[in-house]
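Report on the following structure.
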Amino acid sequence: MAAAAVTLARRIALSGVLFPRSSPQVWGQAARQPPSLLSTQRRAFSNNKILVELDTSSGVATMKFKSPPVNSLSLDFLTEFCISLEKLENDRACRGLIITSTIPRVFSSGLDIMEMCGKSTEHYAEFWRAVQEMWLRLYGSSMVTVAAVNGSSPAGGCLIALSCDYRIMVENPKYVIGLNEAQLGIVAPFWFKDTFVNAVGHRVAERSLQLGLLHSVPEAHRIGLVDEVVPEEKLQEKAVAVVAQWLALPDHARQLTKTMMRKAVLDHMLAHREEDIQNFVNFISKDSIQKSLSMYMEMLKKKKS
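So this is what it looks like as C-alpha coordinates:
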(Lines of atoms letter the chains of each structure in order from A and count residues from 1; the text may use other names and numbers.)
(Lines give C-alpha, C1' and ligand atoms only; values in the text may rest on other atoms or scores of the structure.)
Protein backbone atom coordinates (compact mmCIF):
# COMPACT_ATOMS: atom_id res chain seq x y z
CA MET A 1 0.00 0.00 0.00
CA ALA A 2 2.81 2.41 0.87
CA ALA A 3 4.46 1.72 -2.47
CA ALA A 4 1.23 2.58 -4.28
CA ALA A 5 0.94 5.85 -2.37
CA VAL A 6 4.51 6.80 -3.22
CA THR A 7 3.97 5.94 -6.90
CA LEU A 8 0.88 8.13 -7.15
CA ALA A 9 2.56 10.98 -5.31
CA ARG A 10 5.55 10.74 -7.66
CA ARG A 11 3.27 10.84 -10.71
CA ILE A 12 1.69 14.07 -9.47
CA ALA A 13 4.95 15.63 -8.27
CA LEU A 14 6.63 15.11 -11.63
CA SER A 15 4.08 17.41 -13.25
CA GLY A 16 5.41 20.55 -11.57
CA VAL A 17 3.21 23.64 -11.36
CA LEU A 18 2.45 25.07 -14.78
CA PHE A 19 0.60 28.24 -13.86
CA PRO A 20 2.49 30.95 -11.96
CA ARG A 21 0.53 32.51 -9.13
CA SER A 22 -1.24 35.63 -10.33
CA SER A 23 -1.16 38.97 -8.56
CA PRO A 24 -4.08 39.55 -6.16
CA GLN A 25 -4.97 42.64 -8.24
CA VAL A 26 -5.79 40.54 -11.31
CA TRP A 27 -9.54 40.66 -10.62
CA GLY A 28 -9.72 44.46 -10.61
CA GLN A 29 -7.43 44.79 -13.61
CA ALA A 30 -9.11 42.27 -15.91
CA ALA A 31 -12.01 44.45 -17.03
CA ARG A 32 -9.71 47.38 -17.77
CA GLN A 33 -7.31 45.53 -20.04
CA PRO A 34 -7.30 46.67 -23.71
CA PRO A 35 -8.28 44.27 -26.53
CA SER A 36 -4.62 43.75 -27.40
CA LEU A 37 -4.19 41.94 -24.10
CA LEU A 38 -7.20 39.66 -24.43
CA SER A 39 -5.00 36.80 -25.60
CA THR A 40 -3.12 36.93 -22.31
CA GLN A 41 -6.39 36.39 -20.44
CA ARG A 42 -6.63 32.82 -21.71
CA ARG A 43 -4.16 30.13 -20.78
CA ALA A 44 -4.32 26.50 -21.76
CA PHE A 45 -2.49 23.28 -21.13
CA SER A 46 -3.15 19.86 -22.53
CA ASN A 47 -2.17 16.40 -21.40
CA ASN A 48 -2.79 13.24 -23.39
CA LYS A 49 -6.30 12.80 -22.04
CA ILE A 50 -7.37 16.18 -20.65
CA LEU A 51 -7.44 19.73 -22.01
CA VAL A 52 -7.69 22.69 -19.62
CA GLU A 53 -8.37 26.30 -20.57
CA LEU A 54 -8.31 29.09 -18.00
CA ASP A 55 -9.95 32.47 -18.61
CA THR A 56 -8.16 34.72 -16.13
CA SER A 57 -10.58 37.59 -16.78
CA SER A 58 -13.45 35.59 -15.27
CA GLY A 59 -11.39 33.24 -13.12
CA VAL A 60 -13.12 30.23 -14.67
CA ALA A 61 -11.35 27.20 -16.11
CA THR A 62 -12.87 24.57 -18.39
CA MET A 63 -11.59 21.00 -18.15
CA LYS A 64 -12.39 18.88 -21.21
CA PHE A 65 -12.01 15.11 -21.21
CA LYS A 66 -10.45 13.93 -24.49
CA SER A 67 -9.68 10.25 -24.06
CA PRO A 68 -11.45 8.31 -26.84
CA PRO A 69 -13.42 6.25 -27.26
CA VAL A 70 -15.37 6.82 -24.02
CA ASN A 71 -13.20 8.77 -21.52
CA SER A 72 -12.57 5.69 -19.38
CA LEU A 73 -11.03 6.46 -16.01
CA SER A 74 -7.71 4.68 -16.44
CA LEU A 75 -4.78 5.12 -14.08
CA ASP A 76 -3.18 7.55 -16.53
CA PHE A 77 -6.43 9.50 -16.90
CA LEU A 78 -6.91 9.76 -13.14
CA THR A 79 -3.32 10.90 -12.67
CA GLU A 80 -3.71 13.61 -15.30
CA PHE A 81 -7.01 14.66 -13.71
CA CYS A 82 -5.39 15.08 -10.28
CA ILE A 83 -2.42 16.94 -11.76
CA SER A 84 -4.69 19.32 -13.68
CA LEU A 85 -6.89 19.97 -10.65
CA GLU A 86 -3.89 20.63 -8.44
CA LYS A 87 -2.50 23.17 -10.92
CA LEU A 88 -5.80 25.02 -10.97
CA GLU A 89 -6.12 24.94 -7.18
CA ASN A 90 -2.62 26.45 -6.91
CA ASP A 91 -3.41 29.25 -9.37
CA ARG A 92 -4.84 32.31 -7.65
CA ALA A 93 -6.39 33.41 -10.93
CA CYS A 94 -8.70 30.39 -10.91
CA ARG A 95 -11.86 30.37 -8.78
CA GLY A 96 -14.24 28.20 -10.77
CA LEU A 97 -14.14 25.05 -12.90
CA ILE A 98 -16.44 23.62 -15.57
CA ILE A 99 -15.91 19.93 -16.37
CA THR A 100 -17.14 18.54 -19.69
CA SER A 101 -16.21 16.19 -22.55
CA THR A 102 -14.96 16.52 -26.11
CA ILE A 103 -16.15 13.01 -26.98
CA PRO A 104 -19.56 12.94 -28.71
CA ARG A 105 -22.38 11.41 -26.62
CA VAL A 106 -20.13 10.44 -23.69
CA PHE A 107 -19.17 12.40 -20.58
CA SER A 108 -17.27 9.47 -19.04
CA SER A 109 -17.96 5.75 -19.14
CA GLY A 110 -16.49 5.30 -15.65
CA LEU A 111 -13.65 3.18 -14.31
CA ASP A 112 -11.50 1.46 -16.90
CA ILE A 113 -12.16 -2.27 -16.56
CA MET A 114 -8.74 -2.99 -18.07
CA GLU A 115 -7.22 -1.63 -14.85
CA MET A 116 -9.17 -4.14 -12.77
CA CYS A 117 -8.72 -7.31 -14.77
CA GLY A 118 -5.68 -9.59 -14.92
CA LYS A 119 -3.34 -7.28 -13.03
CA SER A 120 -1.29 -7.64 -9.84
CA THR A 121 -2.59 -6.75 -6.39
CA GLU A 122 -0.03 -3.91 -6.31
CA HIS A 123 -1.56 -2.48 -9.48
CA TYR A 124 -5.09 -2.74 -8.08
CA ALA A 125 -3.97 -0.86 -4.96
CA GLU A 126 -2.32 1.91 -7.00
CA PHE A 127 -5.35 2.23 -9.25
CA TRP A 128 -7.83 2.42 -6.39
CA ARG A 129 -5.73 4.99 -4.55
CA ALA A 130 -5.85 7.11 -7.71
CA VAL A 131 -9.65 6.80 -7.82
CA GLN A 132 -9.80 7.91 -4.20
CA GLU A 133 -7.45 10.81 -4.89
CA MET A 134 -9.60 12.03 -7.78
CA TRP A 135 -12.68 12.10 -5.56
CA LEU A 136 -10.91 13.67 -2.57
CA ARG A 137 -9.53 16.51 -4.67
CA LEU A 138 -12.74 17.21 -6.56
CA TYR A 139 -15.26 16.74 -3.75
CA GLY A 140 -13.10 18.82 -1.42
CA SER A 141 -12.11 21.49 -3.96
CA SER A 142 -12.21 25.12 -2.86
CA MET A 143 -13.24 26.13 -6.38
CA VAL A 144 -16.82 26.38 -7.63
CA THR A 145 -17.21 23.19 -9.69
CA VAL A 146 -19.89 22.62 -12.33
CA ALA A 147 -20.34 19.40 -14.29
CA ALA A 148 -21.52 20.13 -17.85
CA VAL A 149 -22.64 16.60 -18.66
CA ASN A 150 -22.88 16.37 -22.44
CA GLY A 151 -23.30 12.61 -22.79
CA SER A 152 -23.95 9.40 -20.91
CA SER A 153 -22.23 9.14 -17.55
CA PRO A 154 -22.39 5.76 -15.80
CA ALA A 155 -20.54 4.62 -12.68
CA GLY A 156 -17.30 6.58 -12.13
CA GLY A 157 -18.44 9.20 -14.64
CA CYS A 158 -21.51 9.75 -12.50
CA LEU A 159 -19.27 10.04 -9.42
CA ILE A 160 -17.32 12.88 -11.06
CA ALA A 161 -20.56 14.74 -11.75
CA LEU A 162 -21.86 14.06 -8.22
CA SER A 163 -18.64 15.45 -6.75
CA CYS A 164 -19.22 18.84 -8.34
CA ASP A 165 -21.24 21.64 -6.75
CA TYR A 166 -23.77 21.76 -9.60
CA ARG A 167 -24.72 19.41 -12.43
CA ILE A 168 -26.18 20.43 -15.78
CA MET A 169 -27.05 17.72 -18.29
CA VAL A 170 -27.88 17.87 -21.97
CA GLU A 171 -31.46 17.07 -22.91
CA ASN A 172 -31.19 13.89 -24.98
CA PRO A 173 -33.34 10.72 -24.82
CA LYS A 174 -30.28 8.53 -25.45
CA TYR A 175 -28.23 9.79 -22.51
CA VAL A 176 -28.19 8.08 -19.10
CA ILE A 177 -26.47 8.64 -15.78
CA GLY A 178 -26.16 6.63 -12.56
CA LEU A 179 -24.05 4.40 -10.35
CA ASN A 180 -24.65 1.06 -12.09
CA GLU A 181 -21.85 -0.97 -10.50
CA ALA A 182 -24.27 -3.69 -9.36
CA GLN A 183 -24.95 -4.59 -12.99
CA LEU A 184 -21.29 -5.58 -13.33
CA GLY A 185 -21.24 -7.55 -10.10
CA ILE A 186 -19.28 -4.78 -8.37
CA VAL A 187 -20.31 -3.03 -5.15
CA ALA A 188 -20.11 0.77 -5.08
CA PRO A 189 -17.89 1.67 -2.07
CA PHE A 190 -19.25 3.58 0.90
CA TRP A 191 -17.94 6.95 -0.28
CA PHE A 192 -19.65 6.57 -3.65
CA LYS A 193 -22.80 5.78 -1.66
CA ASP A 194 -22.37 8.73 0.70
CA THR A 195 -21.90 11.14 -2.20
CA PHE A 196 -24.98 9.75 -3.92
CA VAL A 197 -27.13 9.87 -0.78
CA ASN A 198 -26.19 13.50 -0.19
CA ALA A 199 -27.50 14.36 -3.66
CA VAL A 200 -30.70 12.30 -3.96
CA GLY A 201 -31.62 11.10 -0.47
CA HIS A 202 -31.35 7.71 1.20
CA ARG A 203 -34.35 5.85 -0.26
CA VAL A 204 -33.71 6.86 -3.88
CA ALA A 205 -30.01 6.03 -3.51
CA GLU A 206 -30.73 2.65 -1.89
CA ARG A 207 -33.03 1.53 -4.69
CA SER A 208 -30.83 2.92 -7.44
CA LEU A 209 -27.64 1.33 -6.08
CA GLN A 210 -29.21 -2.09 -5.44
CA LEU A 211 -30.64 -2.26 -8.96
CA GLY A 212 -27.64 -0.59 -10.60
CA LEU A 213 -29.99 1.84 -12.33
CA LEU A 214 -29.01 4.14 -15.15
CA HIS A 215 -31.43 7.06 -15.15
CA SER A 216 -32.72 8.91 -18.18
CA VAL A 217 -32.11 12.65 -18.22
CA PRO A 218 -35.69 13.58 -17.11
CA GLU A 219 -35.56 10.96 -14.34
CA ALA A 220 -32.12 12.14 -13.20
CA HIS A 221 -33.49 15.67 -12.99
CA ARG A 222 -36.60 14.55 -11.10
CA ILE A 223 -34.65 12.71 -8.38
CA GLY A 224 -32.02 15.46 -8.01
CA LEU A 225 -29.14 13.59 -9.58
CA VAL A 226 -28.75 16.54 -11.97
CA ASP A 227 -29.78 20.09 -11.10
CA GLU A 228 -30.74 21.36 -14.53
CA VAL A 229 -31.41 20.11 -18.07
CA VAL A 230 -30.68 22.23 -21.15
CA PRO A 231 -30.40 21.82 -24.93
CA GLU A 232 -26.88 20.96 -26.03
CA GLU A 233 -26.28 24.33 -27.69
CA LYS A 234 -27.04 26.08 -24.37
CA LEU A 235 -24.84 23.89 -22.14
CA GLN A 236 -21.66 25.97 -22.03
CA GLU A 237 -23.57 29.23 -21.73
CA LYS A 238 -25.59 27.91 -18.81
CA ALA A 239 -22.51 26.46 -17.09
CA VAL A 240 -20.72 29.82 -17.31
CA ALA A 241 -23.79 31.59 -15.91
CA VAL A 242 -24.05 29.18 -12.98
CA VAL A 243 -20.38 29.60 -12.08
CA ALA A 244 -20.75 33.39 -12.24
CA GLN A 245 -23.75 33.22 -9.91
CA TRP A 246 -21.80 31.21 -7.34
CA LEU A 247 -18.68 33.36 -7.68
CA ALA A 248 -20.74 36.48 -6.92
CA LEU A 249 -20.64 35.41 -3.28
CA PRO A 250 -17.62 36.11 -1.06
CA ASP A 251 -15.17 33.24 -1.52
CA HIS A 252 -14.54 32.67 2.17
CA ALA A 253 -18.23 32.31 3.03
CA ARG A 254 -18.90 29.95 0.13
CA GLN A 255 -15.80 27.84 0.79
CA LEU A 256 -16.40 27.52 4.53
CA THR A 257 -20.01 26.52 3.92
CA LYS A 258 -18.91 23.90 1.40
CA THR A 259 -16.36 22.55 3.87
CA MET A 260 -19.00 22.40 6.61
CA MET A 261 -21.39 20.47 4.38
CA ARG A 262 -18.83 17.98 3.03
CA LYS A 263 -16.33 17.57 5.85
CA ALA A 264 -17.99 14.57 7.51
CA VAL A 265 -18.04 12.55 4.29
CA LEU A 266 -14.45 13.45 3.43
CA ASP A 267 -13.21 12.69 6.96
CA HIS A 268 -15.01 9.34 6.95
CA MET A 269 -13.22 8.26 3.80
CA LEU A 270 -9.83 9.54 4.97
CA ALA A 271 -10.20 7.64 8.24
CA HIS A 272 -10.89 4.40 6.35
CA ARG A 273 -8.79 4.98 3.24
CA GLU A 274 -6.32 2.13 3.67
CA GLU A 275 -9.08 -0.25 4.71
CA ASP A 276 -11.05 0.74 1.62
CA ILE A 277 -8.06 0.03 -0.62
CA GLN A 278 -7.53 -3.38 0.96
CA ASN A 279 -11.23 -4.20 0.62
CA PHE A 280 -11.12 -3.29 -3.06
CA VAL A 281 -7.97 -5.34 -3.71
CA ASN A 282 -9.41 -8.38 -1.91
CA PHE A 283 -12.72 -8.09 -3.74
CA ILE A 284 -11.40 -7.44 -7.24
CA SER A 285 -8.83 -10.25 -6.91
CA LYS A 286 -11.46 -12.93 -6.35
CA ASP A 287 -11.62 -15.53 -9.11
CA SER A 288 -15.36 -15.06 -9.48
CA ILE A 289 -15.02 -11.29 -9.94
CA GLN A 290 -12.13 -11.67 -12.38
CA LYS A 291 -14.19 -14.16 -14.38
CA SER A 292 -17.17 -11.81 -14.42
CA LEU A 293 -15.03 -8.87 -15.59
CA SER A 294 -13.36 -11.00 -18.27
CA MET A 295 -16.75 -12.08 -19.60
CA TYR A 296 -17.89 -8.45 -19.69
CA MET A 297 -14.76 -7.42 -21.59
CA GLU A 298 -15.31 -10.20 -24.12
CA MET A 299 -18.88 -9.01 -24.58
CA LEU A 300 -17.64 -5.49 -25.28
CA LYS A 301 -15.12 -6.78 -27.81
CA LYS A 302 -17.87 -8.66 -29.67
CA LYS A 303 -20.02 -5.53 -29.76
CA LYS A 304 -17.14 -3.52 -31.26
CA SER A 305 -16.49 -6.16 -33.92
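Its first residue numbered 1, the sequence shown is counted upward by one per residue in the UniProt record's numbering. Using N, Cα and C, we set each Cβ at its ideal position, and we do this for glycine too. All values reported here derive from a predicted model rather than from experimental measurement.
Delimiting residues of the beta strand (DSSP E) encompassing residue i
| i | result |
| --- | --- |
| residue 129 | It is not in any beta strand (DSSP E) - residue 129 instead sits in the alpha helix (DSSP H) that spans 121-139. |
| residue 234 | No beta strand (DSSP E) contains residue 234, which DSSP labels as neither H nor E. |
| residue 181 | First-last for residue 181: undefined, no H or E at that position. |
| residue 44 | 42-46 |
| residue 55 | 50-55 |
| residue 99 | 96-101 |
| residue 222 | Segment 217-223 is the alpha helix (DSSP H) holding residue 222; no beta strand (DSSP E) there. |
| residue 64 | 60-65 |
| residue 168 | 166-170 |
Alpha-carbon spacing of residue i relative to residue j, whole angstroms
| i | j | result |
| --- | --- | --- |
| residue 225 | residue 167 | 8 Å |
| residue 85 | residue 177 | 23 Å |
| residue 93 | residue 43 | 11 Å |
| residue 216 | residue 70 | 18 Å |
| residue 95 | residue 57 | 11 Å |
| residue 245 | residue 251 | 12 Å |
| residue 256 | residue 135 | 19 Å |
| residue 242 | residue 100 | 14 Å |
| residue 116 | residue 276 | 15 Å |
| residue 174 | residue 82 | 30 Å |
| residue 301 | residue 213 | 23 Å |
Beta-carbon separation (whole angstroms), residue i vs residue j, contact threshold 8 Å
| i | j | result |
| --- | --- | --- |
| residue 66 | residue 49 | 6 Å |
| residue 61 | residue 97 | 5 Å |
| residue 51 | residue 64 | 4 Å |
| residue 179 | residue 190 | Rounded, the Cβ-Cβ distance is 12 Å, inconsistent with contact. |
| residue 247 | residue 59 | 7 Å |
CB contact flag (residue i, residue j, <9 Å)
| i | j | result |
| --- | --- | --- |
| residue 171 | residue 232 | yes |
| residue 164 | residue 188 | no |
| residue 141 | residue 89 | yes |
| residue 121 | residue 294 | no |
| residue 149 | residue 254 | no |
| residue 103 | residue 138 | no |
| residue 200 | residue 223 | yes |
Unbroken alpha helix (DSSP H) run spanning residue i, endpoints
| i | result |
| --- | --- |
| residue 284 | 273-284 |
| residue 193 | 190-200 |
| residue 153 | No alpha helix (DSSP H) contains residue 153, which is instead part of the beta strand (DSSP E) from 151-154. |
Checklist entry - Touch check for the region 99-119 and the region 153-171: three-plus C-beta pairs under 8 Å? => result Of all C-beta pairs linking the region 99-119 to the region 153-171, three or more are shorter than 8 Å, placing the two stretches in contact.
Next on the checklist: Can you confirm whether the region 66-80 touches the region 115-132 when touching is taken to mean that 3 or more C-beta pairs between the two stretches lie within less than 8 Å?
Outcome noted: Taking one beta carbon from each stretch, the region 115-132 and the region 66-80 have 3 or more pairs nearer than 8 Å; the two touch.
Item to check | Three-pair Cβ contact test at 8 Å for the region 201-219 versus the region 275-282 | outcome: Counting Cβ pairs under 8 Å, fewer than three are found: no touch.
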